[in-house]
Amino acid sequence: MRLAITMALMLALAACGKTAAQKQQEEAATLTQLGEKYVKEKILEPNKAQFRNQFVGKGGAPCGEVNAKDAFGGYIGFQRYISVARDLTLLAQDVSPAEFEAQWQQLCR
C-alpha cells in the first residue's frame, strides 16, 4: 500500500509542467509496472515471466497476459491477468473461466 501511495505522489510531482497526454502516458506506464510487480509476486520464477498485451483498463487496473514457468521449469502458456492491487491480483488460473471473464469485462474492457 505504501508503494502505491509513494508511486502516486511521485506521479503527481513528476506531472508538473507536462501535457495531459504525457501525464496519461506516464501514469499508464507506472500502473503497468505495478501490475507486473504484483503478478510476479504470485508466480514461480518471477524473473523469467514474459508479459504481453498490457494496458490499463477502464477502471484503472493494469491488465494483460503473462507466461510463467511451472514447478517443472516449463512455460505454461500465456494467461490473462488483472491487477487491481497487491492483494487483488488475479490470474486466469486462479478462478473459474466464467468468473475471470466477468471480472475482465468489468475492469479491463
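Mapped onto mature numbering (1 follows the signal peptide of the UniProt record, and there is no 0), the consecutive letters of the sequence shown carry residue numbers -20 to -1, 1 to 89. Note that beta-carbon positions come from the ideal geometry of N, C-alpha and C, so glycine has one too. Given the structure is predicted, the values throughout are model-derived calculations rather than measurements.
* Given a threshold of 16 other Cβ atoms within 10 Å of its Cβ, counted over all protein chains shown, does Gln34 qualify as buried or as exposed? -> The C-beta of Gln34 has 16 or more other C-beta atoms within 10 Å across all chains shown, which makes the residue buried.
* Asked: With a cut-off of 8 Å, do at least 3 Cβ pairs link the region 48 to 65 to the region 19 to 27?
  -> Judged by Cβ distances under 8 Å, the region 48 to 65 makes contact with the region 19 to 27, as three or more pairs qualify.
* Asked: Hey, Ile23 and Cys43 are a contact pair by Cβ (cut 8 Å); roughly how many whole angstroms apart?
  -> That belief does not hold up - the Cβ atoms of Ile23 and Cys43 are roughly 16 Å apart, past 8 Å.
* Asked: By the 10 Å Cβ neighbour count, where 16 or more other Cβ atoms means buried, how is Thr69 classified, buried or exposed?
  -> Burial call: buried.
* Under the rule that 16 or more other beta-carbon atoms within 10 Å means buried, what is Gly37, buried or exposed? -> Gly37 is buried by the Cβ-count criterion.
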